[in-house]
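Under our numbering, read the sequence shown as residues 531 to 959, first letter to last. Every residue, glycine too, gets a C-beta built ideally from N, C-alpha and C. These numbers were taken from a predicted model, which means no experiment stands behind them. Some notes on the structure that comes next.
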Amino acid sequence: MIPAAKETLMATKPKATQKPKPQTSDEWMMLEFEIQRLFDGAPVDEEQLFAGRSKEVNKMLQTVMERAKHVVLFGERGVGKTSLSNIFWKRYGTTLQSFIVARVQCGPHDDFSSVWIRGLEELKAMGISRGRPDYVNFDTNFTAITPSQVRRELQKINPNALPIIIFDEYDKVTDGDTKVLMANIVKELYDFAVHTTVIIVGVAENISELIADHASIGRALVDVPLHRMSESELREIIHQRIRQTPMTFSNDAIWTVVILSRGLPFFTQTLSKLAALNAIKTRRLNINNGDVAEAMKQFIEDTAVSFRDAYGEATRTNQKNNLKETLLACALAKSDDEGFFKAADLIEPLSAIMKDRRRIAHFEKHLRRFSGDDGGKILSRRGGDRQQMFRFADPMMQPYVIINGIQSGMIDEDAKNLLFQKEQREFAI
Ligand SMILES: Nc1ncnc2c1ncn2[C@@H]1O[C@H](COP(=O)(O)OP(=O)(O)OP(=O)(O)O)[C@@H](O)[C@H]1O
Ligand SMILES: [Mg+2]
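In structure tokens, the structure reads:
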């Protein structure tokens, strides 16, 4: 178990209406279903369950209201891009009536025509389903389409409508021409002041990975980089959900979940869910640090297939060279809000784990391995030789490595105190 401040039960905010404790086994089962539903780990689609992100929500809404600009929403895998694009337009109910939102899921076989034909079809279907066929009186009957044809169709939309077309997972499109044509359509919609907002969503480090020649269409584009969530946003995720049930989280349990999540909301939901289910097993409504410890065990069992191979490849060795400890230190290293850390950031966690002062020279070659083919590129690297930064190529791997490290006893109590205490002080409950 992770050491933490004194256990304070009932730490979650008071509930508006206190729900009664389940009495019968059916009632406990209902509570279990409710927890599964609330913490299901799918992209958020209900405003009530969406935490934080107010800056990004406002930026996106403002862009839609300006009516001539378009958005590129990008960030690491799993930071909440789909959820944000699902929710931002629902934030202020008053204007909701006029929104017509189409979502297109892009894939590796798509090109400009295929994504836009689906986009037009979807937009039309959404307008009709909202009872406004007059808003979306344009053609969708194309087998191929050019940027100018798209623009001409979108110009037919009723000016009272607020149409949005979201191209999610746009990074999956491999066709090079699509990137160029997408830049063309953005420019064309902007130049003709067409009132449809295009939102391009994808995993990327920067905008140019998604859009060709973005500098020339800079005025037409608003970039919304989405970073990992702050600790208070992650806490909000727990509060928002648990508040709808009769259960409570202790401060310690919340803190542990948040620290382990590394800014990734999926983990906050998954660990909270597993911890709550563990408490339900013993018919308790308060979730404590012991439940989180059980949740970690369960998590490692559940995710063995997806992470174990990559973890094994990165750390497999015949020599005694502390690869596992170094990878754990990478996962614990202080990083920026995009998850990047420098070699020097490993000194403190690795020294705490090894109980011996480590220097960069001790682990430099490990970092090279982790970011190269030998280590399965478990880390990705950016920057030149002097300013090299690293982060986990799959951000989901990072909490796995930490939980695995705790589970396999790589961090003893003293090291835990040292590694987690500092952050705990900054964690205002
Ligand atoms: N603002 C939020 N409030 C609460 N939960 C969130 C929020 N944003 C994301 N999540 C949760 O985080 C997880 C990942 O969210 P989402 O699928 O939106 O991320 P993504 O960036 O689109 O991921 P991917 O890169 O895999 O497409 C989901 O479990 C979702 O419920
Ligand atoms: Mg997504």
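field: Check: Glu-855 C-beta below 7 Å from any heavy atom of ligand 1
entry: Outside the cutoff, so no.
- request: Assuming Asp-696 contacts Ser-615 (C-beta within less than 8 Å), just tell me the rounded distance between them.
  value: Going by the sequence as given, residue 696 is Ile instead of Asp. Cβ-Cβ separation between Ile-696 and Ser-615: approximately 5 Å, consistent with a contact (criterion under 8 Å).
message: Using only the alpha-carbon positions, how far apart do Asn-781 and Arg-889 sit?
response: C-alpha of Asn-781 to C-alpha of Arg-889: approximately 36 Å in a straight line.
message: Would Pro-693 and Thr-726 be called neighbours here (beta carbons separated by less than 8 Å)?
response: Pro-693 places its beta carbon less than 8 Å from that of Thr-726.
message: Please classify Val-977 as buried or exposed, where buried requires at least 16 neighbouring CB atoms within 10 angstroms.
response: One cannot answer for residue 977 here, as it falls past the ends of the chain, which runs 531 to 959.
- prompt: Taking all protein chains shown into account, do 16 or more other C-beta atoms lie within 10 angstroms of the C-beta of His-639, making it buried, or fewer, making it exposed?
  reply: Under the 10 Å beta carbon count, His-639 is surrounded by fewer than 16 other beta carbons and is classified as exposed.
query: Expressed to the nearest angstrom, what Euclidean distance is found between the alpha-carbon atoms of Gly-571 and Phe-796?
result: For Gly-571 and Phe-796, the gap between their C-alpha atoms comes out near 6 Å.
field: Bounding residues of the beta strand (DSSP E) (the contiguous stretch that carries Pro-755)
entry: Where Pro-755 is concerned, the enclosing beta strand (DSSP E) stretches over 751–756.
- request: Give a yes or no on whether 8 Å exceeds the smallest Cβ distance from Gly-902 to chain E.
  value: The chain inventory of the structure shown lacks chain E, comprising one protein chain alone.
- prompt: Are the Cβ atoms of Met-826 and Ile-936 separated by less than 8 Å?
  reply: Taking a C-beta distance under 8 Å as the contact criterion, Met-826 and Ile-936 qualify as a contact pair.
Spatial distance of Asp-705 from Lys-717 (CA atoms): Those two C-alpha atoms are separated by around 19 Å.
query: Sorted by chain position, which residues of the same chain lie with C-beta nearer than 7 Å to Ile-933's C-beta, five sequence neighbours on each side aside?
result: Residues Leu-790, Met-826, Phe-829 and Ile-830 of the same chain have their beta carbon placed closer than 7 Å to that of Ile-933, with the five preceding and five following residues left out of the count.
query: Under 7 Å from any heavy atom of ligand 1, does the C-beta of Arg-765 make it?
result: It does not: the Cβ of Arg-765 is nowhere closer than 7 Å to a heavy atom of ligand 1.
field: Beta-bridge partners of Asp-698, as assigned by DSSP
entry: Asp-698 is bridged to Gln-635.
field: Whole-angstrom C-beta distance between Leu-801 and Phe-604, which should lie under 8 Å
entry: The beta-carbon separation of Phe-604 and Leu-801, rounded to 26 Å, does not stay under the 8 Å limit for a contact.
task: State the Cα-Cα distance for the pair Phe-871 and Thr-673, rounded to the nearest angstrom.
output: Spanning the two alpha carbons is a distance of roughly 47 Å.
- prompt: Can the beta-carbon of Gly-939 be found closer than 8 Å to that of Met-759?
  reply: Judged by their CB atoms, Gly-939 and Met-759 are not nearer to each other than the 8 Å cut-off.
- prompt: What does a CB cutoff of less than 7 Å around Ala-534 pick up in its chain, not counting 5 residues either side in sequence?
  reply: Unreliable positioning characterises Ala-534 in this predicted model, as indicated by a pLDDT of 46, which lies under 50. A coordinate reading is not provided.
- prompt: Is any heavy atom of ligand 2 found at a distance shorter than 7 Å from the C-beta of Glu-586?
  reply: False, no ligand heavy atom lies under 7 Å from that Cβ.
query: In three-state terms, what does DSSP make of Thr-670?
result: Thr-670 falls in the coil class under three-state DSSP.
message: Taking 6 Å as the limit between beta carbons, can you name the residues of its chain near Ile-959, skipping five residues before and five after?
response: With a pLDDT of only 28 at Ile-959, under the threshold of 50, the placement of this residue in the model should not be trusted, and no figure is reported.
message: Looking at the secondary structure, which residues open and close the beta strand (DSSP E) in which Ser-938 lies?
response: Looking at the DSSP string, Ser-938 is not in any beta strand (DSSP E), and its letter there is neither H nor E.
message: Rounding to the nearest angstrom, what Cα-Cα distance links Ala-491 and Ser-910 in this structure?
response: The shown model of the chain, from 531 to 959, leaves out residue 491, and the question about it has no answer.
query: Exposed or buried, Asp-698, counting other C-beta atoms within 10 Å across all chains shown (16 or more means buried)?
result: With 16 or more other Cβ atoms within 10 Å, it is buried.
message: Less than 8 Å between C-beta atoms, sequence neighbours within five positions excluded: which residues of the same chain meet that for Pro-663?
response: Gly-657.
- prompt: Exposed or buried, Met-492, counting other C-beta atoms within 10 Å across all chains shown (16 or more means buried)?
  reply: Within the shown structure, residues of the chain are numbered from 531 to 959, placing residue 492 beyond reach of any answer.
message: Rounded to whole angstroms, what is the Cα-Cα separation between Ala-882 and Val-931?
response: Straight-line Cα distance between these residues: approximately 16 Å.
field: Val-716 - DSSP class collapsed to helix/strand/coil
entry: Under the three-state reduction of DSSP output, Val-716 falls in the helix class.
message: I need the boundaries of the alpha helix (DSSP H) containing Met-656, first residue and last residue.
response: Boundaries of the alpha helix (DSSP H) around Met-656: 642–659.
field: Distance, Gln-799 Cα to His-600 Cα
entry: For His-600 and Gln-799, the distance between alpha carbons rounds to 31 Å.
- prompt: CB-CB under 6 Å to Lys-589, same chain, minus the five flanking residues each way: which ones, in chain order?
  reply: The residues are Val-754.
Arg-633 burial status per 10 Å Cβ neighbour count (16 or more: buried): Flag for Arg-633 reads buried.
task: Pair every Cβ in the region 772–779 with every Cβ in the region 806–816, then say whether three or more of these pairs are closer than 8 Å.
output: With a cut-off of 8 Å on Cβ pairs, the region 772–779 is in contact with the region 806–816, counting three or more such pairs.
- request: Check whether the Cβ of Pro-573 sits closer than 7 Å to any heavy atom of ligand 2, and report yes or no.
  value: Yes, ligand 2 has a heavy atom inside 7 Å of this Cβ.
- prompt: How should Met-528 be labelled, buried or exposed, when 16 other C-beta atoms within 10 angstroms of its C-beta is the threshold for buried?
  reply: In this structure the chain extends from 531 to 959, so residue 528 is not present and cannot be described.
Inter-stretch contact (C-beta, 8 Å, three-pair minimum) for the region 863–870 and the region 909–925: The answer is yes - the region 909–925 touches the region 863–870, with three or more Cβ pairs under 8 Å.
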